[in-house]
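Under the working numbering, think of the first position of the sequence shown as 40, with each following residue one higher. Read through the structure below, which is laid out as structure tokens, and then see the notes.
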Amino acid sequence: MTAIITYRPDAQKTPGLYDRILTYKILRDICIRVTGQDDFNIIRDTSTYNKGRLITIEYGGIKSFVSLSEVSVEGRNQSVQSIPTAINLYYADSNPNKALYYYFMPHKGNYFTDYHLFYFRLLKTAGVIFLNLLDYYPAGINAFENVDELIDERNDNRETNSSNNSSFISKTSDKVQIYAKTYGASKYESTLLAIAVAAITDRPIDLYNICEQDLTRLPQSSLNTINAIGNIQIHDTSITLEKRIFINQAKNNEFRSPIYQRNLLQRLGRKHCALCGCEIPEIIQGAHVWGVAEIARDDHFSDDIKFNHAISGENGLWLCQNHHKLFDSHYLSFNMDGHILVPSNLRTEDGQFIRAITQNESLDNQIMTENFKWYLSQRNNIRDYSHYQRLVI
Ligand SMILES: [Zn+2]
């Protein structure tokens with residue numbers, strides 16, 4: 040049987056690009072790796088330009104999509120920018136017998152930085168098959184086995200979540216949350232993240248698209264892919280929209296903000312209780328230091344500035360449900376050095392319990408920024424802590 044390899048020769052900006060880089064040797068190599076044999080015919084499809092750096096191979100009733108790497112790594116976004124398009128075209132194809140592959144072209148530059156390795160792990164998790172990875176990266180790449188592993192990697196890796204390029208993931212008892220950005224290069228990355236999470240999660244996914252001003256939805260091709268996968272609910276939100284909700288809900292303490300959660304993830308990394316170290320994401324919560332209801336009641340600031348305080352990642356810390364409730368009920372608080380305070384007249388048994396579940400006597404430097412201290416001072420100004428004493432474990 041003869042395989043049929045189809046490609047579009049023109050790149051969007053470079054006519055004939057794929058005629059030049061897809062040598063016979065490379066096409067033969069791809070054919071062998073996909074079909075196990077080297078008999079193929081080539082169809083050059085000149086109807087439009089090549090999107091997604093794709094070639095397709097039809098063989099034995101199966102349509103294989105092969106996304107090609109760049110031949111030169113010039114930047115982190117540039118080097119992977121065509122992959123989401125390839126994924127969307129793959130999902131849009133109606134052939135039920137299909138597969139999606141990635142092929143490394145001979146290239147200049149480093150395709151295996153921490154960022155790339157994370158990205159390729161996502162691809163592998165999403166079901167993409169690497170044809171010749173081991174030729175370039177002998178250590179190999181493993182798919183994420185579960186969402187927790189993905190959350191750790193995403194939220195702890197400085198390089199992968201640096202700059203404004205980031206999407207973050209968290210988990211509650213009934214859902215997985217993805218906080219994504221819909222603009223710039225990251226708009227496509229969030230789709231890949233959603234596909235990867237969908238492949239390994241045991242619960243539904245909420246995908247929050249966070250826009251700065253006006254709502255910018257994901258590109259239609261990405262929305263189609265997400266619909267095809269199912270199990271993912273998209274929530275479009277913007278700073279402007281949340282601000283309106285905030286003004287209505289804050290006084291009743293009903294304000295629940297995905298943007299605040301995202302900002303905490305960005306500042307503090309993955310969910311872990313600051314006082315006991317618990318890392319079970321289902322029971323870790325973002326705790327406001329200067330509470331939302333108190334911010335709403337304050338009469339020094341405009342609504343705009345109040346909203347910024349309510350969603351600031353500096354105005355909070357991760358606490359487990361026990362420590363969060365104790366904090367909100369004023370069983371424990373913090374002095375301006377970050378030491379834990381408890382009421383001096385605490386029942387002995389209650390003091391013993393708090394000591395038993397608490398590992399740290401004070402907050403660490405990552406939490407205790409100048410801005411955080413300002414929020415702490417706002418909190419501590421409202422209430423009299425003169426009858427509190429330092430917790431000694
Ligand atoms: Zn705790």
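Beta carbons are placed, not taken as given, at the ideal position from N, Cα and C, and that holds for glycine.
_Are there any heavy atoms of ligand 2 lying less than 6 Å away from the beta-carbon of residue 327, as far as the coordinates show?_
Ligand 2 is not part of the structure shown, which contains ligand 1 as its ligands.
*Cβ of residue 144 within 7 Å of Cβ of residue 106?*
Taking the first residue of the sequence shown as position 1, residue 144 is located at position 105. Taking the first residue of the sequence shown as position 1, residue 106 is located at position 67. The Cβ atoms of residue 144 and residue 106 lie no closer than 7 Å to each other.
*Taking all protein chains shown into account, do 16 or more other C-beta atoms lie within 10 angstroms of the C-beta of residue 327, making it buried, or fewer, making it exposed?*
One-based indexing of the sequence shown puts residue 327 at position 288. When all chains shown are included, residue 327 counts as buried.
*Give me the Cα-Cα distance between residue 377 and residue 313, rounded to the nearest whole angstrom.*
Within the sequence shown, numbered from 1, the residue matching residue 377 stands at position 338. Within the sequence shown, numbered from 1, the residue matching residue 313 stands at position 274. The alpha-carbon atoms of residue 377 and residue 313 are separated by roughly 11 Å.
*Residues in its own chain within less than 8 Å of residue 113 by CB, not counting five upstream and five downstream?*
Here residue 113 refers to the residue found at position 74 of the sequence shown. Only 148 meet the Cβ criterion.
*Just curious, the beta strand (DSSP E) that residue 247 is in, first and last residue?*
One-based indexing of the sequence shown puts residue 247 at position 208. Where residue 247 is concerned, the enclosing beta strand (DSSP E) stretches over 244-250.
*Three-state class that DSSP yields for residue 42 in the structure shown*: In the sequence shown, the residue the question calls residue 42 occupies position 3. Three-state DSSP puts residue 42 in a strand.
*In whole angstroms, what is the alpha-carbon distance linking residue 136 and residue 101?*
Within the sequence shown, the letter at position 97 stands for residue 136. Within the sequence shown, the letter at position 62 stands for residue 101. Straight-line Cα distance between these residues: approximately 5 Å.
*Hey, could you find the ends of the beta strand (DSSP E) residue 358 is sitting in?*
Numbered from 1 along the sequence shown, position 319 holds the residue referred to as residue 358. Here the beta strand (DSSP E) through residue 358 covers 355-359.
_Terminal residues of the alpha helix (DSSP H) in which residue 97 lies_ = The residue labelled residue 97 in the question sits at position 58 within the sequence shown. Segment 93-98 is the beta strand (DSSP E) holding residue 97; no alpha helix (DSSP H) there.
*Any idea what DSSP makes of residue 325, helix, strand or coil?*
Taking the first residue of the sequence shown as 1, we reach residue 325 at position 286. Taken through DSSP and simplified to helix, strand or coil, residue 325 comes out as strand.
*Is the beta carbon of residue 438 sitting closer than 7 Å to the one on residue 141?*
Because residue 438 is not part of the residues shown, which for the chain are 40 to 432, the question remains open.
*Anyone know if the C-beta pair for residue 235 and residue 271 falls short of 7 Å?*
Within the sequence shown, residue 235 is the residue found at index 196, counting from 1. Within the sequence shown, residue 271 is the residue found at index 232, counting from 1. Result no, Cβ atoms of residue 235 and residue 271 do not sit closer than 7 Å.
*asked:* Which runs of the beta strand (DSSP E) at least 3 residues long sit entirely within the stretch 274-348? Give them in chain order.
replied: Scanning the stretch 274-348 from its first residue to its last, the whole beta strand (DSSP E) runs of 3-plus residues come out as 323-327.
*Buried versus exposed, by CB contacts within 10 Å (16 or more), residue 363*: If you number the sequence shown from 1, residue 363 lands on position 324. Per the 10 Å Cβ criterion, buried.
*What's the C-alpha gap between residue 173 and residue 116?*
If you number the sequence shown from 1, residue 173 lands on position 134. If you number the sequence shown from 1, residue 116 lands on position 77. C-alpha separation (whole angstroms): 23 Å.
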